[in-house]
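What follows is one structure encoded as structure tokens, with my remarks underneath.
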Amino acid sequence: MARAPILDIQGLAVKFNGRRVLKGIHLSVEQGEIVSLIGPNGAGKTTLFNAITGLVRPSAGSVRFCGEDITGWPAHRICWAGIARTFQIARPFPEMTAEENVRIGIWFGKRKKELPRSRNTREEARRLLHLVGLEGKEETPGRELTLSEQRRLEVARALATAPRLLLLDEIAAGLSPQAVSHAARLVRALRDQGTTILLIDHFLNLTARVSDRLLALDQGETIAEGSPAQVLHHPEVLSAYLGERHPHTGSGEIP
Amino acid sequence: MWFQLLLNTLSLGSFYALVALGFSLIFGVTHTFNLAHGELIVLSGYMAYGLSKAWQAPFALTLPLCMAAMACLGQVLLALVRRIREPFELSSLVFTFGLALVIQNAMLFLFTADYRRIPASGKPLRLTADLIVTRNQLWLIGLSLAATALVYLMLRKTFLGMALRAVIQEREAARLAGIRVERMNRIAFAVGGALIGLAGPLFGQNAYLHPAGGMEATLIAVVITLFAGTGRIRGLLAGAWLLALLESAAALWLGSNWRELVSAGILIALLMWKPEGLLARKKPAPEL
Amino acid sequence: MKKEGLRRHLLWTLVVLLALGLWPLGGWHTLLVCRVLGFAFLFAMVTVAWNLVALSGLISLGHAAYFGLGAYAAALLDHYSGAQVPVTLAVAGLSAAAYGAVLAVAFQRLRAASYALATLASVEIPKVIADNWESFTFGSLGLVGTRPLPTISVAGFAVDLSHNIMGQYYFLMTFLAVACAIHALAIHSRWGWALRAVREDERAAAVLGVDVFATRFTATVLSAALTGVCGGLYAHLMGMTEPDLVFNLHISAMPLVFAILGGRFRWYGPAAGALVLYSVDQLVLHPWLPAGHAAVYGLVIMVILLFFPKGIGSWPAPRS
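Chains as they are written, first to last, in full-length UniProt numbering: chain A, 1 to 255; chain B, 1 to 288; chain C, 1 to 320.
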């Protein structure tokens, strides 16, 4: 293909106290794709996110974003470059209102000189909150939101940094079927606006509905990659999931 | 001369082990970061000084009195510390920082800023031509090592010791296994307090008591505990001797007062080297 | 902030400023009160400086290090070179800022209890050096005879800052005003939002583009510089600098008490806390309990942690 991938990960490895949690992951994501990471607990999905966003330092390998080598950059510079994320366990700023939470993303998501001079951050924050279905919660402090609201707030906050690549960590876990549909619509809408999306979906809630491609991890290694149908029927993926006692407590289905 | 230095280092190191022992036990079991540790030792020293001055109490008698008094004070401290909220380590640290200030100023008020020393207990002994050991040092080495050994045996060989070690290693699991953690807290503060009570008079006999002298002892206890980890008595002893050796070396080459830099310097170095070392909360399951 | 609230807020600020500014002119003040309030301004400045670090989510137990360094820098410079007071104060601020910068880099991975402990130990290093470098710092006896504040001319009037207590009062008040302006910036500017984000959730702040290290570094260095200037002022005001006096635990404890009781999240909180509590302490408590009255600070810290509903985080951020 002529076009360079927006995200290109080569041989990425991470160690914790000498234990290898990621053992050389390769992944490349095209502009406008939706790619899902699946795999059992402890597979290294969130660690991969942490390594991409600069929260943990890789011990080997490289991450290239839009052709630029961002390996080992501090987290804020990676954000400025255009990668935003949510956390599996939501981390809203507890004492700030929902609107202020989002405004932090607007104010700091880009270098100061790249920020447009005069814009109505309040308006923008409210628009983003509306987008994720948090209208009416603008003045509620982060710690008083419900878990699912906190998760949606994180999506709004991540979008506030105007990312080109959005990493979503388990945004649909434990949601009601209607809420999952809403999340799926949101993800597709974001992609249609040109945002590339990488999502972690342990419970396979969203995967089948939205993703173009799947990457299955187990114990820090890639065990399968390809279209959703291919990966979900891959014998190693099945055994990795069935190896766990109860793989899918959510509404996920394994074909 | 080298033997003399080594002997002095040995006695200093053994005393440091005793100083760190109480701190480490209390911190390990209850997670209370007691910054007033050194102040309590100095307070106990002043108590022994007062007893020997006012009633000519023999040194051997002041020891059990001070130990009992400090064990009781330990229970009071525990009762206060139990009210402290999260984040517990930081809050207990700041709380005992306040306590240290209170004790320091109370001692300043009661005993003034003059340097005091508990009188020596008898003539020094000449072992060889140029190797002298004072009776104070004999007390110091003997009692420090005996106390350390006793705590070691208690932790290793008794049922109570096993329970204490279980609490040190995994508090919640110990609670689930039916260990009464509250009781272990009281025991840790009692034993830790008694060790403080023992260290005080020994300190007052071998060095000068001064109301502001406690912070140095606290830093020493913290350094050794950070170095050895909690509940590891042998590591504690090794760390204590090592620290004493480094201090002696610094005193020999730089001058006696510069040794005070050693513990502060090592503390900062240890914290920088293991920023998440002892003080870090047990992490929730890593996000994988 | 709502319009109404803002107006009331400004009104109150104005009233307090006018009261503080005008009452000495009434002529019915005593020199003692003026002198004590002058020192209250000084320690309010230390409190404000301490709070800059606290706003980034770290509790420092070692501000005596910056204070003492500033005092020694000013006193030594005065002793050896006889430099003018503005120069000695600038050097006091710079040397403390340099130490602050070193610590900010060295302690960048430390948080909560580890950080508090490290800062506590960081006081020992300059203290032991000041205590032992006899040939340079005069050891534990310290430096005496540091020149008092000079005479300056304000709008044609010569004001002798060393003897004119009222002049001193306004002089120190000016310094506090500058510190308060920086503090207000640390709450209400873009940098202030960065500090708040870092304080509330560091990792979340980092992935949203907040440069966590730079934010903390700026806060620490500014805080150290302000504290160092206070130390320098103190050396000139007292005329003597001793290790036990300027590297005292009590200097690290004071800002903690003042800031938490005054309110850590309003621009005027730390300063107000310091002005009220220091004055009460000096005017009421000190005559009554001259020796060891610093115990009161320790006691207040203990009470805050035991009985205040939020302990060390007492009086959290107002909803804006």
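Just so it is clear, CB atoms sit at the ideal spot from N, CA and C, and this is done for glycine as well.
From a predicted model like this one, the values you see are computed outputs, not experimental measurements.
Checklist entry - Can residue 198/A and residue 155/A be called in contact, C-beta distance under 9 Å? => result Cβ distance not < 9 Å, so residue 198/A and residue 155/A don't count as in contact.
Next on the checklist: So, at 6 Å on beta carbons, what are the nonlocal neighbours of residue 13/B in its own chain, with the 5 sequence-adjacent residues on each side left out?
Outcome noted: For residue 13/B, where only same-chain residues beyond five positions count, the Cβ hits under 6 Å are 240, 241 and 244.
Checklist entry - How many angstroms separate the CA atom of residue 190/A from the CA atom of residue 127/A? => result So the two alpha carbons sit approximately 14 Å from each other.
Item to check | CA-to-CA distance, residue 47/C to residue 95/A, given in whole angstroms | outcome: Distance between the alpha carbons of residue 95/A and residue 47/C is about 23 Å.
Checklist entry - What's the call for residue 80/C, buried or exposed, on a 16-neighbour Cβ count within 10 Å? => result Of the other Cβ atoms in all chains shown, fewer than 16 fall within 10 Å of the Cβ of residue 80/C; this residue is therefore exposed.
Checklist entry - Considering only residues of the same chain and omitting the five flanking positions on each side of residue 127/B, which have a CB-CB separation below 8 Å? => result In its chain, beyond the 5 residues on either side, 133 have a beta carbon closer than 8 Å to the beta carbon of residue 127/B.
Checklist entry - Taking the Cβ atom as the reference point for each residue, do residue 167/A and residue 84/A lie within a distance shorter than 9 Å? => result Cβ atoms of residue 167/A and residue 84/A: closer than 9 Å.
Item to check | Beta-carbon neighbours of residue 122/C, restricted to chain B and to distances below 9 Å | outcome: Going along chain B in sequence order, the residues near residue 122/C (Cβ under 9 Å) are 264 and 268.
Next on the checklist: Residues of the stretch 228-260 of chain B in Cβ contact with chain C at a cutoff of 8 Å, in chain order, please.
Outcome noted: So the close ones are 255, 257, 258 and 260.
Next on the checklist: Using only CA atoms, which one of 201/A, 182/A and 14/A lies nearest to residue 215/A?
Outcome noted: Residue 201/A holds the alpha-carbon nearest to the alpha-carbon of residue 215/A among 201/A, 182/A and 14/A.
Checklist entry - residue 33/B lies in the beta strand (DSSP E); which residues open and close that run? => result Secondary structure note for residue 33/B: it is in no beta strand (DSSP E), with a DSSP letter that is neither H nor E.
Checklist entry - Nearest chain C C-beta to residue 105/B closer than 9 Å, yes or no? => result With 9 Å as the cut-off, residue 105/B counts as an interface residue toward chain C.
Item to check | residue 198/C classed as buried or exposed, judged by whether at least 16 other C-beta atoms fall within 10 angstroms | outcome: By the neighbour-count definition (other C-beta atoms within 10 Å, threshold 16), residue 198/C is a buried residue.
Next on the checklist: If contacts are defined as beta-carbon pairs under 8 Å, then residue 179/B and residue 230/B qualify, I think. What distance do you get, rounded to the angstrom?
Outcome noted: About 16 Å separates the CB atoms of residue 179/B and residue 230/B; that is not less than 8 Å, and the two are not in contact.
Item to check | Neighbour-count burial assignment, residue 153/B, 16 or more Cβ in a 10 Å radius | outcome: Exposed, because fewer than 16 other Cβ atoms sit within 10 Å of the Cβ of residue 153/B.
Checklist entry - What number of angstroms, rounded off, separates the C-alpha of residue 19/B from the C-alpha of residue 38/B? => result If you draw a straight line from the Cα of residue 19/B to the Cα of residue 38/B, it comes to about 8 Å.
Checklist entry - Do we get a CB-CB distance below 9 Å when we pair residue 210/C with the residues of chain A? => result With its beta carbon less than 9 Å from one in chain A, residue 210/C belongs to the interface.
Checklist entry - Which residues mark the beginning and the end of the alpha helix (DSSP H) in which residue 100/A is found? => result From DSSP, the alpha helix (DSSP H) with residue 100/A extends over 98-108.
Checklist entry - What residues are listed by DSSP as bridge partners for residue 157/C? => result Per DSSP, 154/C.
Checklist entry - According to DSSP, is residue 135/A helix, strand or coil? => result The answer is coil: DSSP assigns residue 135/A none of H, G, I, E or B.
Next on the checklist: Along the chain, where does the beta strand (DSSP E) containing residue 14/A start, and where does it finish?
Outcome noted: Per DSSP, residue 14/A is one residue of the beta strand (DSSP E) stretching across 7-16.
Checklist entry - Does any residue of chain A bring its CB to less than 9 Å from the CB of residue 216/C? => result For residue 216/C, the nearest beta carbon of chain A is not closer than 9 Å to its own beta carbon.
Checklist entry - If the cut is a Cβ gap below 8 Å, which residues of chain C does residue 102/B touch? => result In chain order: 295, 298, 299 and 302.
Checklist entry - With distances taken between CB atoms, is the gap from residue 94/B to residue 18/C smaller than 9 Å? => result Their beta carbons are not under 9 Å apart, which means residue 94/B does not touch residue 18/C by this criterion.
Next on the checklist: For a test of your reading of the model: does the CB of residue 40/B fall under 8 Å from any non-hydrogen atom of the ligand FAD? Yes or no.
Outcome noted: With respect to the ligand FAD, the structure shown offers nothing to examine, as it has no ligands at all.
Item to check | N- and C-terminal bounds of the alpha helix (DSSP H) containing residue 346/B | outcome: Any answer about residue 346/B is impossible in this case: the structure gives chain B only from 1 up to 288.
Checklist entry - Considering only the beta carbon of each residue, do residue 63/C and residue 74/C sit closer than 9 Å? => result The answer is no: Cβ separation not under 9 Å.
Item to check | 7 Å Cβ cut-off: residues of chain A touching residue 193/C | outcome: Correct list: 104 and 107.
Next on the checklist: Please confirm whether residue 112/B has its beta-carbon closer than 9 Å to some beta-carbon of chain C.
Outcome noted: Yes, because at least one Cβ of chain C sits closer than 9 Å to the Cβ of residue 112/B.
Next on the checklist: Let me see if you follow: with CB-CB separation under 9 Å, is residue 85/A close to chain C or not?
Outcome noted: So, interface residue.
Item to check | Euclidean distance between Cα positions of residue 271/B and residue 200/C | outcome: Separation of residue 271/B and residue 200/C (C-alpha to C-alpha, rounded to the nearest whole angstrom) is 23 Å.
Next on the checklist: Please return the same chain residues whose Cβ sits closer than 7 Å to the Cβ of residue 36/C, not counting the five positions on each side in sequence.
Outcome noted: Cβ neighbours of residue 36/C within its own chain (closer than 7 Å, five residues either side excluded): 279, 282 and 283.
Item to check | DSSP bridge partner residues for residue 65/A (one or two, in chain order) | outcome: 7/A and 68/A.
Checklist entry - Would you say residue 44/B and residue 69/B are within 9 Å of each other, going by their C-beta atoms? => result With a cutoff of 9 Å on beta-carbon distance, residue 44/B and residue 69/B are scored as near each other.
Item to check | Rounded distance between the beta-carbons of residue 166/C and residue 287/C, thought under 8 Å | outcome: Contact doesn't hold; Cβ gap of about 22 Å is too wide.
Item to check | Secondary structure of residue 21/A, DSSP reduced to three states | outcome: DSSP places residue 21/A in strand when its eight states are reduced to three.
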